[in-house]
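Q:
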Amino acid sequence: TARADQTQMEKIPIRVGPNGLLPLGELVNFRVVEEIVPILRDNGQRREAIMVNLGGRDVEGYVNQVKQRIAREVKIPPGYTVEFGGEFKNLEAARARLMLIVPVALALIFVLIFFVLNSVRQSFLVFTGIPFAISGGVFALYLRGLPFSIPAAIGFIALSGVAVLNGLVLVSYFNQLRLDGASLEDTVFQGGLTRLRPVLTTALVAALGFVPMAFSTSAGAEVQRPLATVVIGGIISSTLLTLVVLPVLYRTFMKQDPAPQLKRPQPEPELTLA
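At the far end of the sequence shown sits residue 344, using the numbering used here, and the numbering has no gaps.
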């Protein structure tokens with residue numbers, strides 16, 4: 071209403087300094103002009119767009135809320151449709167791609183683990199680090215009040231590799247101790263103590279490298295913060311749970327196996343000169 075009345079617009083106070091206010095009419099000149107608004111069309115139908123700035127709120131939650139209110143409060147005449155584009159459309163397209171990329175990435179990780187350990191059971195043991203890491207990443211997003219987004223999903227993919235690496239370090243050393251003749255209990259206890267420092271070092275290097283991104287406020291922070299938050303939270307949870315839970319799982323599931331199925335290097339034949 072105030073925008074339609076030029077007199078009221080001219081009286082709006084504008085601060086010009088720490089101690090002064092001036093009416094808007096003394097700072098600008100108002101002029102009414104006629105403007106031709108173009109009629110936009112898509113596929114032969116007229117289109118009218120409404121631009122919305124969410125100010126950091128999650129796009130999907132806002133769109134879902136708007137859809138519910140439109141269905142409840144707005145009666146759309148026949149021939150009219152409501153569509154959501156922009157970041158929401160990009161989010162749907164990226165989600166569809168991730169639905170294909172994530173399973174492929176996890177399958178490749180599992181295959182690589184199997185090539186190293188040569189055991190399906192031990193490969194699944196190492197793979198348990200991924201849900202440990204995901205739980206920490208989700209909890210970190212909740213603590214910081216950040217919505218799930220595409221950068222966060224990419225952070226979960228990167229986090230899976232780090233979590234698997236820690237588990238692979240432990241299980242590989244456990245297998246080496248068993249090949250050297252150690253009992254299962256000694257293997258779990260001694261292996262966990264010996265590999266404690268390498269696992270913590272790997273986790274700290276990866277987590278500390280993302281700290282500046284997690285608290286970034288510069289350009290691109292909306293992408294850096296969720297990605298770094300997921301990685302840091304997931305690394306903390308996966309490291310702690312891997313050091314505590316993985317040795318217990320190894321001891322439980324490897325009780326019936328006398329030794330891991332690994333190929334030991336064969337000694338080179340000795341040459342004897344007659």
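The C-beta atom is built at its ideal place from N, Cα and C for all residues, glycine as well.
Using the C-alpha atoms, what's the distance from R165 back to G199?
A: For the purposes of this step, residue 199 is taken as the residue at position 129 of the sequence shown. For the purposes of this step, residue 165 is taken as the residue at position 95 of the sequence shown. Distance between the alpha carbons of G199 and R165 is about 24 angstroms.
Q: Nearest-angstrom Cα distance between L311 and V241?
A: For the purposes of this step, residue 311 is taken as the residue at position 241 of the sequence shown. For the purposes of this step, residue 241 is taken as the residue at position 171 of the sequence shown. Answer to the nearest angstrom: the Cα atoms are 14 angstroms apart.
Q: Pick out whichever of R139, R191, G156 and S230 has its Cα sitting closest to the Cα of S205.
A: Walking along the sequence shown from the start, residue 205 turns up at place 135. Comparing Cα-Cα distances from S205 to each of R139, R191, G156 and S230, the minimum goes to S230.
Q: Out of E153, R295 and V152, state which residue places its alpha-carbon closest to the alpha-carbon of S219.
A: As a working mapping, residue 219 is identified with position 149 in the sequence shown. Ranking the options by Cα distance to S219, first place goes to R295.
Q: Threshold first: 4 residues or longer. Then list the alpha helix (DSSP H) segments lying entirely within the segment 189-218, N to C.
A: If we require 4 residues or more, the alpha helix (DSSP H) runs fully inside the segment 189-218 come out as 190-197 and 199-214.
Q: Candidates A222, T151 and V234: which alpha carbon is nearest L182's?
A: Counting from 1 along the sequence shown, the entry for residue 182 is found at position 112. Among A222, T151 and V234, the Cα nearest to that of L182 is on V234.
Q: Work out the CA separation of Y150 and I109 for me, nearest whole Å.
A: Position 39 of the sequence shown, counting from 1, holds the residue named residue 109. Position 80 of the sequence shown, counting from 1, holds the residue named residue 150. Near 16 angstroms, if we compare the C-alpha coordinates of Y150 and I109.
Q: Would you check if there are 3 or more beta carbon pairs closer than 8 angstroms linking the segment 294-308 to the segment 256-270?
A: The segment 294-308 vs the segment 256-270: no contact.
Q: Short check: CB of V172 to CB of P221, under 8 angstroms?
A: Numbered from its first residue, the sequence shown carries residue 172 at position 102. Numbered from its first residue, the sequence shown carries residue 221 at position 151. Cβ distance not < 8 angstroms, so V172 and P221 don't count as in contact.
Q: Could you tell me the alpha carbon to alpha carbon distance between Q246 and L170, rounded to whole angstroms?
A: Translated into positions along the sequence shown, residue 246 becomes position 176. Translated into positions along the sequence shown, residue 170 becomes position 100. Cα to Cα, Q246 sits roughly 36 angstroms from L170.
Q: Less than 8 angstroms between the C-beta atoms of F180 and F158, yes or no?
A: Counting from one through the sequence shown, the residue named residue 180 turns up at place 110. Counting from one through the sequence shown, the residue named residue 158 turns up at place 88. No; because the gap between Cβ atoms is not below 8 angstroms, this pair is not in contact.
Q: Quick one: residues in its chain with C-beta nearer than 8 angstroms to the C-beta of Q260, no 5 flanking neighbours on either side, listed in chain order?
A: Position 190 of the sequence shown holds residue 260. Same-chain partners within the cutoff: L247 and A252.
Q: Applying the criterion that 16 or more other CB atoms from any shown protein chain within 10 Å of the CB defines a buried residue, is Y212 buried or exposed?
A: On the sequence shown, residue 212 is found 142 positions in, with the first residue counted as 1. Looking at its Cβ environment, which holds fewer than 16 other Cβ atoms inside 10 Å, Y212 is exposed.
Q: Reducing DSSP to helix, strand and coil, say where P221 ends up.
A: Residue mapping note: residue 221 aligns to position 151 of the sequence shown, counting from 1. If DSSP states are grouped into helix, strand and coil, P221 belongs with the helices.
Q: With R85 as the anchor, note down where its beta strand (DSSP E) starts and where it stops.
A: If you number the sequence shown from 1, residue 85 lands on position 15. Its beta strand (DSSP E) spans residues P83 to G87.
Q: Check this for me: beta carbons of L168 and A203, under 8 angstroms apart or not?
A: On the sequence shown, position 98 is the one that residue 168 refers to. On the sequence shown, position 133 is the one that residue 203 refers to. Taking 8 angstroms as the Cβ cut-off, L168 and A203 do not qualify as a contacting pair.
Q: How many Å lie between S308 and Q135 at the Cα?
A: Locating residue 308 in the sequence shown gives position 238, counting from the first residue. Locating residue 135 in the sequence shown gives position 65, counting from the first residue. Each residue's alpha carbon lies about 34 angstroms from the other.
Q: Whose C-beta lies closer than 8 angstroms to the C-beta of V315 among residues of the same chain, with five residues either side of it excluded?
A: Start at 1 with the first residue of the sequence shown, and residue 315 comes out as number 245. Correct list, in chain order: T198 and F202.
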